[in-house]
Amino acid sequence: MLSRVAAHVLCGHVREYRPLLAKLSTDRCRQLAETFDARRLNTLDPAVDVLNPKPWFQFRTQTNAVRQTQSLQALDGFDHTRTWACDENVHGSKREAFDTKAQRAAELSNITGTINVLKCDASTHADDIDAAAALRNEISSKDKLMFRRMRKYRLYPTAEQRKQLLQFMGTCRYTYNLAVAHFRATNVSKATTLRDLYVTELSKKERVYPEGIGPPPKWAYDTPKNFRYNALRKFETNVKSAFSNKANGNISNFNIQFKSRKKDGRFFPICEDASTAKITYRDGESRAMLSITKMKNIPIQCDPGLEISNEIQITNTNGLWYAVIPQFVRPSNYVNCGRTVALDPGVKAFMTGVDLDGNALHVGRGTR
555 MLSRVAAHVL
565 CGHVREYRPL
575 LAKLSTDRCR
585 QLAETFDARR
595 LNTLDPAVDV
605 LNPKPWFQFR
615 TQTNAVRQTQ
625 SLQALDGFDH
635 TRTWACDENV
645 HGSKREAFDT
655 KAQRAAELSN
665 ITGTINVLKC
675 DASTHADDID
685 AAAALRNEIS
695 SKDKLMFRRM
705 RKYRLYPTAE
715 QRKQLLQFMG
725 TCRYTYNLAV
735 AHFRATNVSK
745 ATTLRDLYVT
755 ELSKKERVYP
765 EGIGPPPKWA
775 YDTPKNFRYN
785 ALRKFETNVK
795 SAFSNKANGN
805 ISNFNIQFKS
815 RKKDGRFFPI
825 CEDASTAKIT
835 YRDGESRAML
845 SITKMKNIPI
855 QCDPGLEISN
865 EIQITNTNGL
875 WYAVIPQFVR
885 PSNYVNCGRT
895 VALDPGVKAF
905 MTGVDLDGNA
915 LHVGRGTR
């Protein structure tokens, strides 16, 4: 916002820019009127503080004696301008990927069905299966271009549902700590390996536990296994991130810590798969209902028509319950205004801007 104001001031050749009353709400105007003289806010004269008279947040422009007109095309020699055209193309491809999302989903469904039919005679159609699989990978790769944003929606669970959610969170934190202890003893962090030891209740495989660590207690199996497995996946991601930072030189060493209820909070996030999380809408009701494994009809306040297509999280922040749901959003239009203002925050001036013509703009200078 400040950069737009600065560009307007530089291009408009005005000394001050202060249309406050046109931008502020009624309550804001009333608060300003209690501190500043309301008549001064409608003029371009320096505003005066009623309690302590002094200049108030002025914009002052400084124009060079010799005007050197430049344009963005004249900055091709700078590294940061070479990628502008590339950025515009990438932005356009992301918009196209979002607009053709439904079409790609239908194409992927048809290709998958074709591959399943060809697999009935795999020896004869081996080349056709490979070609169809390559086409499917090419189409699905465009999904990575889409913008994904996390949205938090308020949950209103009942007392019984809150109690059950706290139980699930505690078990997930306990499973995470089991993985930390196992990693410290064996350096094994793969989630699928840990799943056979600490998630699956019955298994035909022989289980070998490190010294001092045993199978989970019976009450741990009351929590859905996908919640506990997602906690192991989160642990594996943390370990991979630690090794990556060490390889890149960001850290010299690391030590995976346990999740403490006292230090890290009693609310351990629950991760639910998209295949089991559903949102249902009822006619005549303002709130929808979220259903997860072993828990149905949690009231949720969300946008109409919201669908779950990716893994979600259930968290608690300051005593309020939320569902964090990722969504794909359509990028806005790529707009190149043709002018640039460089902003430099400082001490003597709150902000100083310089445009391509060499004009300087001082925001809040000399207002102490």
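Residue 555 is where the sequence shown starts when you use this note's numbering, and the numbers rise one by one after that.
Glycine is no exception: its CB is placed at the ideal position from the N, C-alpha and C atoms.
My guess is that V762 and K779 are in contact by the Cβ rule of under 8 Å, so how many angstroms apart are they, rounded? Start at 1 with the first residue of the sequence shown, and residue 762 comes out as number 208. Start at 1 with the first residue of the sequence shown, and residue 779 comes out as number 225. Contact doesn't hold; Cβ gap of about 20 Å is too wide.
Would the region 764-773 count as touching the region 806-826 if we require 3 or more Cβ pairs under 8 Å? No: fewer than three Cβ pairs fall under 8 Å.
Which whole-angstrom value is the C-beta distance of T777 and F822, which I expect to be below 8 Å? Counting from one through the sequence shown, the residue named residue 777 turns up at place 223. Counting from one through the sequence shown, the residue named residue 822 turns up at place 268. At roughly 11 Å, the Cβ-Cβ gap does not stay under 8 Å, so T777 and F822 are not in contact.
Spell out a yes or no on whether the region 686-701 and the region 720-734 are touching, meaning 3 or more CB-CB pairs, one atom from each, closer than 8 Å. The region 686-701 vs the region 720-734: no contact.
Cutoff 7 Å; reference G900; Cβ partners in own chain excluding five residues on either side: Here residue 900 refers to the residue found at position 346 when the sequence shown is read from its first residue. Excluding residues within five positions, the ones whose Cβ falls inside 7 Å are T906.
How would you label S814, buried or exposed, when you count the other beta carbons within 10 angstroms and need 16 or more for buried? Taking the first residue of the sequence shown as 1, we reach residue 814 at position 260. Classification for S814: exposed.
So the candidates are K744, M700, I669, T847; which of them puts its Cα closest to the Cα of S886? The residue you call residue 886 lines up with position 332 of the sequence shown. Selected option, being the one with the closest Cα: M700.
When you compare each of A842, T830, I810, S647 to V742 by their alpha carbons, which one comes out closest? Your numbering for residue 742 matches position 188 in the sequence shown. Of A842, T830, I810, S647, the residue nearest in Cα terms is I810.
Based on the DSSP output, what are the partners of H679 in its beta bridges? The residue you call residue 679 lines up with position 125 of the sequence shown. In DSSP, H679 forms no bridge with anything.
Using alpha carbons as the reference points, say which of I868, Q881, I669, N872 lies closest to L719. As a working note, residue 719 is residue 165 in the sequence shown. Closest option to L719, Cα to Cα, is I868.
Rounded to the nearest angstrom, how far is the Cβ of I854 from that of R841, given a contact under 8 Å? On the sequence shown, residue 854 is found 300 positions in, with the first residue counted as 1. On the sequence shown, residue 841 is found 287 positions in, with the first residue counted as 1. Contact between I854 and R841 holds, since their C-beta atoms are separated by about 6 Å, short of 8 Å.
Hey, how far is the Cα of K744 from the Cα of N807? Within the sequence shown, numbered from 1, the residue matching residue 744 stands at position 190. Within the sequence shown, numbered from 1, the residue matching residue 807 stands at position 253. K744 and N807 have their C-alpha atoms spaced approximately 20 Å apart.
Where R815 sits in the DSSP three-state scheme: Taking the first residue of the sequence shown as position 1, residue 815 is located at position 261. In this structure, DSSP gives R815 a state outside helix and strand, which the three-state scheme calls coil.
Entirely within the region 843-887 and at least 4 residues each: give me those alpha helix (DSSP H) ranges in chain order. Segments of the alpha helix (DSSP H) lying fully in the region 843-887: there are none.
Look at the alpha carbon of R749 and the alpha carbon of A896, and state the distance between them as a whole number of angstroms. To locate residue 749, count along the sequence shown from 1; it is residue 195. To locate residue 896, count along the sequence shown from 1; it is residue 342. Taking the straight line from one Cα to the other gives about 53 Å.
How far does the beta strand (DSSP E) with I824 in it extend, from its first residue to its last? Counting from one through the sequence shown, the residue named residue 824 turns up at place 270. Its beta strand (DSSP E) spans residues 824-826.
Helix, strand or coil at I767 [DSSP, three-state]: As a position in the sequence shown, residue 767 is number 213, starting the count at 1. Reduced to three states, the DSSP call for I767 is coil.
Measuring straight from C-alpha to C-alpha, what distance separates H679 and S647? For this step, residue 679 is matched to residue 125 along the sequence shown. For this step, residue 647 is matched to residue 93 along the sequence shown. If I take the Cα positions, the gap works out to 34 Å.
If you count every other CB in all the chains shown that lies within 10 Å of the CB of F611, and 16 or more means buried, which is it? To locate residue 611, count along the sequence shown from 1; it is residue 57. Reliability of the predicted coordinates at F611 is poor, the pLDDT of 44 falling under 50, and the value obtained from them is presented with this limitation in mind. F611 is classed as exposed because its beta carbon has fewer than 16 other beta carbons within 10 Å across all chains shown.
Through-space distance from R727 to A831, alpha-carbon basis: For the purposes of this step, residue 831 is identified with residue 277 of the sequence shown, where counting begins at 1. For the purposes of this step, residue 727 is identified with residue 173 of the sequence shown, where counting begins at 1. When the Cα atoms are used, A831 and R727 turn out to be separated by approximately 21 Å.
Y707, DSSP secondary structure in three states: In the sequence shown, the residue the question calls residue 707 occupies position 153. Here Y707 carries a strand assignment [DSSP, helix/strand/coil].
Do R658 and I693 have their C-beta atoms within less than 9 Å of each other? Sequence index remark: in the sequence shown, residue 658 carries index 104 (1-based). Sequence index remark: in the sequence shown, residue 693 carries index 139 (1-based). Yes, they are a contact pair.
State the Cα-Cα distance for the pair E790 and I833, rounded to the nearest angstrom. What you label residue 790 is simply residue 236 of the sequence shown in a count that begins at 1. What you label residue 833 is simply residue 279 of the sequence shown in a count that begins at 1. The alpha-carbon atoms of E790 and I833 are separated by roughly 29 Å.
Do V908 and M704 come within 9 Å of each other at the CB atom, strictly closer than that value? As a first step, residue 704 must be located in the sequence shown, where it is residue number 150. As a first step, residue 908 must be located in the sequence shown, where it is residue number 354. No.
Whose C-beta lies closer than 8 Å to the C-beta of E826 among residues of the same chain, with five residues either side of it excluded? Here residue 826 refers to the residue found at position 272 of the sequence shown. Excluding residues within five positions, the ones whose Cβ falls inside 8 Å are N780, F781, N784, I846, T847, E865, I866, Q867, I868.
Apart from the five residues just before and just after I665, which ones in its own chain have a Cβ nearer than 8 Å to its Cβ? Position 111 of the sequence shown, counted from the first residue, corresponds to residue 665. Result list for I665: A686, L689, R690, I693, in chain order.
Let me make sure I understand the geometry here. Which of R702, N670, L672, L709 has the alpha-carbon closest to that of N851? Locating residue 851 in the sequence shown gives position 297, where the first residue counts as 1. Selected option, being the one with the closest Cα: L709.
Based on Cα-Cα distance, which residue from F812, D653, V671 lies nearest to T729? What you label residue 729 is simply residue 175 of the sequence shown in a count that begins at 1. Nearest in C-alpha terms to T729, of all of F812, D653, V671, is F812.
Report the start-end ranges of each alpha helix (DSSP H) in the region 740-812 that is 4 residues or longer and not cut off at the edges. 745-752, 779-801, all fully within the region 740-812.
Cβ neighbour criterion (16 or more within 10 Å) applied to T725: On the sequence shown, residue 725 is found 171 positions in, with the first residue counted as 1. Per the 10 Å Cβ criterion, buried.
Report all residues from its chain with a CB closer than 8 Å to the CB of A828; omit the five preceding and five following residues, and keep chain order. As a working mapping, residue 828 is identified with position 274 in the sequence shown. Only I862, S863, N864, E865, I866 meet the Cβ criterion.
How far does the alpha helix (DSSP H) with K926 in it reach, from first residue to last? Since the first residue of the chain shown is 555 and the last is 922, residue 926 is not available in this structure.
In chain order, what residues of the same chain lie with their CB nearer than 6 Å to the CB of P880, ignoring the 5 residues before and after it? One-based indexing of the sequence shown puts residue 880 at position 326. Cβ within range, chain order: R702, M704, N864.
Rounded to whole angstroms, what's the CA-CA distance from P769 to W875? Just pull it up for me. Taking the first residue of the sequence shown as position 1, residue 769 is located at position 215. Taking the first residue of the sequence shown as position 1, residue 875 is located at position 321. Approximately 31 Å between the Cα atoms of the pair.
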